[in-house]
Structures are given as structure tokens and as C-alpha cells.
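Everything in the sequence shown is counted per UniProt numbering, starting at 1 for the first residue and increasing by one.
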Amino acid sequence: MRSSNPVFSRRGFSRDNGGYAGFDAQHQQAGTNPYATNPYATDPATGMPQAPARTNAMTMDDVVSRTAMTLGTLIVTATLSWVLLPVDPANLGKSYAIGIGAALVAFVFAMIQSFKSKPVPGLILAYAAFEGVFLGVISAAVSTYLGPGVVMQAVMGTMCVFAAVLFAYKMRWIRVTRRFYGFVMAATLGFILLMLVNTLFAVFGGGDGLGFRSGGLGLLFGAIGVILGACFLALDFKQVEDGITYGAPREESWLAAFALTMTLVWIYVEMLRIFSILSGDD
């Protein structure tokens with residue numbers, strides 16, 4: 001399955017020489033087993049292994065530990081950048097330049113990983129580190145000019161979205177089907193195009209561009225961004241579930257951590273924008 005966040009593409013579970021098939025949206029959502037040739041896969045009907053478990057098959061513990069490492073790296077660098085790069089009128093331009101530069105470097109690392117046939121932990125952790133610098137700078141700016149409560153609200157909002165989607169997915173209120181996947185991809189493409197047009201108008205015309213990221217329209221598109229992020233969380237959970245069920249190799253847990261981290265970053269940024277707008281209207 002090739003999935004994507006708003007600005008990054010990423011690979012799903014890949015097929016290697018040992019016969020471990022990658023998650024394929026068309027096959028899986030049509031009800032066929034993309035890991036049918038894998039003798040170590042779990043039988044979906046019984047939940048029992050089809051053969052003795054392989055020691056290097058991915059488990060939920062692997063996904064949790066890799067995700068904790070990736071998010072931990074992001075949080076550490078975000079905290080350090082907040083402390084070491086204080087945002088004030090005297091160095092505002094410098095801080096923003098560092099933040100934007102870090103975001104671009106993170107983007108490059110993410111793109112390189114997306115085109116790799118297998119996950120590279122160093123690239124994924126490097127992405128998380130530079131993304132953390134970017135988030136630390138913008139969070140510090142919001143905290144300085146709008147109040148520290150806005151950042152905490154965005155963090156809590158992101159955690160609530162994650163918990164709600166996970167609960168809904170486990171309860172099977174959300175079902176990732178081929179139609180769901182196609183709708184999310186189409187909606188995300190439209191969202192990205194609108195944001196790019198708005199950015200171009202802002203760069204060349206000044207101000208807020210077409211107004212999609214401020215005021216009432218900003219709140220609307222921020223909410224749409226959060227909803228799309230929540231849909232990508234469901235896709236991420238499906239990716240993890242199928243990888244474990246059908247015996248993906250353990251190294252693929254790094255891809256799951258990569259995907260979850262990018263989705264959570266997206267949701268946090270949209271939450272931060274929403275609460276910043278609301279705070280500015282008070």
C-alpha cells in the first residue's frame with residue numbers, strides 16, 4: 001500500500017526475498033490475503049499461526065517501541081529548540097529561518113525514506129529530530145505571542161484525536177476499505193492544492209493569501225485538516241494491523257513509526273493553528 005501524508009509519500013509493507021508481501025490496498029480491501037505466500041502468517045479466520053512463529057516477525061511491541069523512539073526523538077529536539085532558540089522580537093527572523101530550514105531538511109529525509117525499498121532507522125530518526133526543531137520553534141512563537149496555553153491545548157487536542165480514532169478503529173466503527181482509501185486520497189489532494197494556492201497568493205500578494213488559513217475560513221480548513229489527519233491515523237492503524245496479522249518482517253515496524261509520527265505532526269500543526277486563531281479572536 002502506498003499511502004501519504006499531506007506532503008510526504010510513504011511506502012507500505014514491502015515484499016522481500018523471503019516472500020513477505022507488502023500491504024496492498026486493492027488486494028486487501030477486496031478481501032484477499034496479500035501475504036498468502038507467507039508460511040508464518042496468522043490465519044485471519046482462526047487467529048492462529050499457519051506455521052511456527054518466526055522470530056523476526058513484526059509485533060505490536062515492536063511498533064510501540066519504535067514509535068516511542070521516534071516520537072521521543074521529536075519531543076527532545078522540540079524541547080531543546082524551544083529552550084535554546086527563544087523567540088523574541090530581537091531574533092524572530094533568525095528563529096523562523098532555523099525552523100523553516102529544519103522543516104525543509106525533515107522533508108528531504110522523509111522523501112528519501114519514502115523512496116527506499118526498506119526502512120532506514122537513521123533516516124526516520126533524523127526526520128523526527130529536524131521535525132522536532134521545526135515544531136519547537138513554531139510552538140515557542142505561539143507560546144510567546146499568544147500564550148503558553150495554546151500549545152498545551154494543541155497537544156491535548158492531538159492526544160484526544162489519536163485516542164478517539166484508536167478507540168473507534170478497535171470498535172470497528174471505522175472500516176478502512178478501498179472506497180475509504182480513495183476518498184481520503186482525493187480529499188487530501190484537493191486540500192493540498194488549495195493550501196498551495198493560498199501560500200502562493202500569500203507569498204506574491206502579501207497578507208493571508210486567499211484567507212484559507214486565518215479567520216473563519218482558517219478555522220474551517222483547520223478542522224478539515226484535523227479530520228483528514230484522523231483518517232490517516234485509521235490508515236496507519238490498518239497498515240499496522242495487517243502487517244502483524246500477515247507476518248511482515250520486524251524491520252517494517254519502523255515504517256509504522258514513521259507513518260504515525262508524520263500523521264501526529266500534521267494533526268498537531270492543524271490543532272495549533274485552530275487554537276491560535278481562537279486565541280487571537282479573544
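Virtual Cβ for every residue (Gly too), placed ideally from N, Cα, C.
Thr73 sits away from Ala256, with the two beta carbons spaced by 8 Å or more.
In chain order, Leu123 place their CB closer than 7 Å to the CB of Ile112, counting only its own chain and leaving out the 5 sequence neighbours on each side. Its chain contains Val150, Val151, Leu272, Ser276 as the residues whose beta carbon lies nearer than 7 Å to that of Val142, once the 5 sequence neighbours on both sides are disregarded; these appear in chain order.
Per DSSP, the continuous alpha helix (DSSP H) segment holding Pro148 begins and ends at 148-170. A straight-line Cα-Cα distance of about 10 Å links Glu251 and Val63.
Where Gly247 is concerned, there is no enclosing alpha helix (DSSP H), because DSSP gives it neither an H nor an E.
The beta-carbon distance between Ile75 and Gly132, rounded to whole angstroms, is 7 Å. This is short enough to meet the 8 Å contact definition. Of all C-beta pairs linking the region 211-227 to the region 236-255, fewer than three are shorter than 8 Å, placing the two stretches out of contact. Leaving aside the five residues that flank Ala168 on each side, the residues in its chain whose CB is nearer than 7 Å to its CB run, in chain order, Ile174. By the neighbour-count criterion, in which a residue is buried when 16 or more other Cβ atoms sit within 10 angstroms of its Cβ, Cys160 is exposed. The way I'd put it, the region 220-232 does touch the region 181-188; three or more beta-carbon pairs between them come closer than 8 Å. Check the Cα spacing between Glu241 and each of Ala78, Val137, Arg172, Leu125: the tightest is with Arg172.
Sequence-distant partners of Phe258 (beyond 5 residues in either direction) whose C-beta falls short of 6 Å from its own C-beta, in its chain, are Ile124. Shortest Cα-Cα distance from Met60 to any of Ile98, Leu235, Thr245, Leu278 involves Thr245. In terms of Cβ geometry, Ala110 and Met262 form a close pair [threshold 8 Å]. Per DSSP, the beta-bridge partners of Ala57 are Pro249.
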